[in-house]
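For reference, the structure discussed in these notes is given below.
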Amino acid sequence: MRPASYRRLVAGAVSALVIAVCGPLTSSSATQQQSSPQAPTVATAAPVAAKGKHSVVTWGASADRQSEGPADRSYRLIVRTSVGGSNMRIRLSNAFGENPVTFTTAYAGLQKQGAELVSGSNRKLSFGGAASVTVPAGETVLSDPLPGKLAAQSNLVISLYVTGAKGPTTGHGMAMQTNYATAGNHAAEEGAASWTDPMGSWYWLDAVNVETSTSIGSLVALGDSITDGWQSSTDLNRRWPDYLSRRLQEANTPVKGVANEGISGNKVLADGAGQSALNRLQRDVLSQPGVRTVFLFEGVNDIKAHSGVTAQDMIEGYRKIIEQAHAAGKCVVGSTIAPFKGWSEWDAAAESVRLEINEFVRNSGELDAVTDFDQILRSPYDHERISPFFDNGDHLHPNDVGMGAMADAVDIGSLTSC
C-alpha cells in the first residue's frame with residue numbers, strides 16, 4: 001500500500017455513545033432503491049464516557065430489508081468481537097420495517113457451543129432503564145451500557161425476544177454464521193434445548209460497541225459479497241476482515257476494531273442487493289462510533305451487471321464516498337477490483353472498465369492509501385483470472401486461503417495514513 005497526498009479535512013469527532021458488556025464476559029474468547037434510513041433516533045442520551053475513554057464499534061453488519069418475520073419469536077445471534085473494551089452496548093435496527101417492533105427482552109452472553117452459552121454469562125440488557133423497548137419504523141435504538149469487560153475476539157451471543165413484528169423485517173441476510181430462533185420467549189435461557197431452528201442470517205442487531213481508550217479506533221470495511229465472506233467457512237470467521245481483525249490485535253497500531261459492512265451483490269451506485277454503498281454510507285459506516293478508517297473495496301457488481309455504468313461513473317461514485325468520509329474526519333483506504341474472468345458475466349468490455357477503475361485507484365492519489373487486491377489475487381499466468389490457489393471455484397470469490405492472503409496484503413501502518 002502507499003500513502004496518498006489527499007489528507008483528512010477534519011479531525012473526526014468522536015461519537016458520544018458509551019458501550020459495555022458484563023463481568024462474565026471478561027473471558028478471552030468463547031468457542032468459537034430507496035433513500036437511506038437514518039441511524040439512531042430512539043435511544044436515550046448516551047452517558048458521558050470516562051476520562052480518556054470513548055466508544056468504538058467492535059462488530060457490525062449492514063442492515064437490509066428482509067422478509068416478513070413471525071410476531072412472537074426469540075432470536076439467538078452470534079457475533080465475533082474485534083476490539084475489546086467495557087460497557088458494551090448493542091444497536092437494534094428497524095430501519096427497513098414498516099411497523100413498530102417491540103424487543104420485549106434482550107440478553108448478552110458468551111457462546112460455549114452452538115446455541116449453548118457459557119454458564120453464568122447471560123445478562124439482561126436494558127433500554128433507558130427499561131427491560132423492553134419499542135422501535136418505530138425506520139429507526140434504531142441503543143441499549144444502555146452493560147457494566148463489565150468484553151474481551152477481543154469473543155463469540156458474543158445476543159438473545160432477543162421480539163413481539164409485534166409485522167411486515168418486512170430488518171437484518172443481514174448472509175451471516176456465514178449459524179444463529180438460532182425459536183417460538184416464544186427463551187432469551188434468558190443459557191441452554192440450547194429450546195433453540196430448535198438454526199438460521200444463516202442476523203436479524204435486528206446491526207452493531208455492537210464497547211468503551212476503550214481514546215487512542216484506539218476502528219476500521220469499517222465497506223464492500224460486497226467478497227467482504228461479506230461468501231464461500232468462506234461458516235462459523236469459523238474466515239472472511240478477510242476477520243483475518244485482518246486478528247492481525248490488528250497483535251500489531252502495534254491504534255486501529256483495533258473492525259466492522260464488516262459488506263452486503264452480497266451490493267453496488268457502489270445502484271440500489272438492489274441492499275442500498276448502494278453511497279446510500280448506506282452514513283448509516284452503515286459514518287454513524288458508527290470511534291471509526292478511524294474506511295476501507296473501500298467494491299465495484300465488481302456494478303461492472304458485471306452491464307447496466308451501462310462506465311469507469312468514469314464509478315470513479316465519481318468513489319470520489320463522493322471519499323469526500324464524505326474525509327469530511328467526517330476518516331482515513332479512506334481503497335482497493336483495486338479483483339479479477340473475475342470465468343464468471344458468467346465477464347467479458348472484454350467489463351474487463352476494460354475494471355482496468356480503468358484500477359488505474360484510478362492505484363495512481364490518482366485521491367485515496368489516503370491503496371491495497372492492491374487485484375495484484376494479490378490474480379493468476380501470474382492470466383491477470384484477468386483469480387489464481388486457482390485462491391479461487392473457491394466460481395472464479396470470483398476467494399476461498400479461505402484467498403481471504404487470508406487479502407488480509408495479509410493490508411499494510412497496517414497505512415490505516416492511519418491521514
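Residue 418 is where the sequence shown ends in my numbering, and the numbering goes up by one at each step. Glycine is no exception: its CB is placed at the ideal position from the N, C-alpha and C atoms.
Query                                                                                                                                                             : Result
Have a look at Lys124, Ala131, Gly184 and Thr140 and flag the residue whose alpha-carbon is nearest the alpha-carbon of Ile158.                                   : Lys124
Candidates Gly334, Thr214 and Ser232: which alpha carbon is nearest Leu415's?                                                                                     : Gly334
Let me check one thing: in DSSP terms, what residues is Asp72 bridge-paired to?                                                                                   : Thr163
Based on DSSP bridge pairs, tell me the residues matched to Ala111.                                                                                               : For clarity, residue 111 is Gln in the given sequence; the question names Ala instead. Its beta-bridge partners are Leu117.
Starting from Tyr180, follow the beta strand (DSSP E) in both directions and report where the run begins and ends.                                                : Asn179 to Ala183
Buried or exposed, going by whether 16 or more other CB atoms sit within 10 Å of the CB of Asn252?                                                                : exposed
With burial defined as no fewer than 16 other Cβ atoms inside 10 Å of the residue's Cβ, what is the status of Ser35: buried or exposed?                           : With a pLDDT of 37 at Ser35, under the threshold of 50, the modelled position of that residue is not reliable, and the figure given next carries that caveat. Counting Cβ neighbours within 10 Å, Ser35 comes out exposed, since fewer than 16 surround it.
According to DSSP, is Gly217 part of a helix, a strand, or is it coil?                                                                                            : strand
Restricting to runs no shorter than 4 residues, where is the alpha helix (DSSP H) found entirely within the segment 295-370?                                      : 300-304, 311-327 and 348-363
Just how far apart, CA to CA, sit Asn99 and Val162?                                                                                                               : 13 Å
From the DSSP output, in three-state form, read off Phe96 for me.                                                                                                 : coil
Determine, using beta carbons only, whether Gly97 and Thr196 come nearer to each other than 7 Å.                                                                  : no
Taking buried to mean at least 16 other C-beta atoms within 10 Å of its own C-beta, is Ser132 buried or exposed?                                                  : exposed
Could you tell me which residues DSSP pairs with His186 in its beta bridges?                                                                                      : Answer is none; His186 lacks a bridge partner.
Checking 7 Å against the spacing of the C-beta atoms, do Ser417 and Ser245 come in under that value?                                                              : no
In the DSSP assignment, the beta strand (DSSP E) including Asn260 goes from what residue to what residue?                                                         : Val255 to Gly262
Taking contact to mean 3 or more Cβ pairs, one atom from each stretch, closer than 8 Å, check whether the segment 249-269 and the segment 216-232 are in contact. : yes
Please decide whether Ser276 counts as near chain C, where near means a Cβ-Cβ distance under 7 Å.                                                                 : This model lacks chain C altogether; it includes just one protein chain.
Taking buried to mean at least 16 other C-beta atoms within 10 Å of its own C-beta, is Ser67 buried or exposed?                                                   : exposed
Please identify the residue among Asp242, Ala409, Thr212 and Ser225 whose C-alpha is closest to the C-alpha of Gly265.                                            : Ser225
Is Ala409 near Ile376, with beta carbons less than 7 Å apart?                                                                                                     : yes
Evaluate contact between the segment 266-277 and the segment 298-307, counting only Cβ atoms and requiring at least three cross-stretch pairs below 8 Å.          : yes
The alpha helix (DSSP H) with Asp374 in it runs from where to where?                                                                                              : Phe373 to Leu377
For the beta strand (DSSP E) that Trp204 lies in, which residues bound it at each end?                                                                            : From DSSP, Trp204 is part of no beta strand (DSSP E); its letter is neither H nor E.
Please report the straight-line C-alpha distance between Thr234 and Phe340, rounded to a whole angstrom.                                                          : 23 Å
Quick one: measure Cβ to Cβ for Trp202 and Ser93, integer angstroms, because I've assumed they're closer than 8 Å.                                                : Rounded, the Cβ-Cβ distance is 10 Å, inconsistent with contact.
According to DSSP, simplified to helix, strand and coil, what is Pro147?                                                                                          : strand
Beta-carbon within less than 6 Å of Cys22's beta-carbon, same chain only, minus the 5 sequence neighbours each way: which residues are those?                     : Confidence at Cys22 is low in this model, with a pLDDT of 38, below 50, so the placement of that residue should be treated as unreliable; the coordinate-derived value is given next. Correct list, in chain order: Arg123, Leu146 and Gly148.
So, under 8 Å CB-CB, Tyr180 and Ala115 are touching, yes? Tell me the CB distance rounded to an integer number of Å.                                              : 4 Å
Among the candidates Phe390, Ala130, His326 and Gln282, whose CA atom is the shortest distance from the CA of Ser379?                                             : Phe390
I'd like to check one pair, Ala175 with Gly200: are the Cβ atoms closer than 7 Å?                                                                                 : yes
In three-state terms, what does DSSP make of Met174?                                                                                                              : coil
For the structure I just gave you, are there three or more beta carbon pairs, one from the segment 391-399 and one from the segment 354-371, closer than 8 Å?     : no
Are the CB atoms of Val220 and Val291 nearer to each other than 7 Å?                                                                                              : yes
By how many angstroms is the C-alpha of Arg247 removed from the C-alpha of Glu139?                                                                                : 34 Å
Would the beta-carbon of Pro419 fall within 7 Å of that of Val56?                                                                                                 : The structure shown does not extend to residue 419, since the chain spans only 1 to 418, so no value can be given for it.
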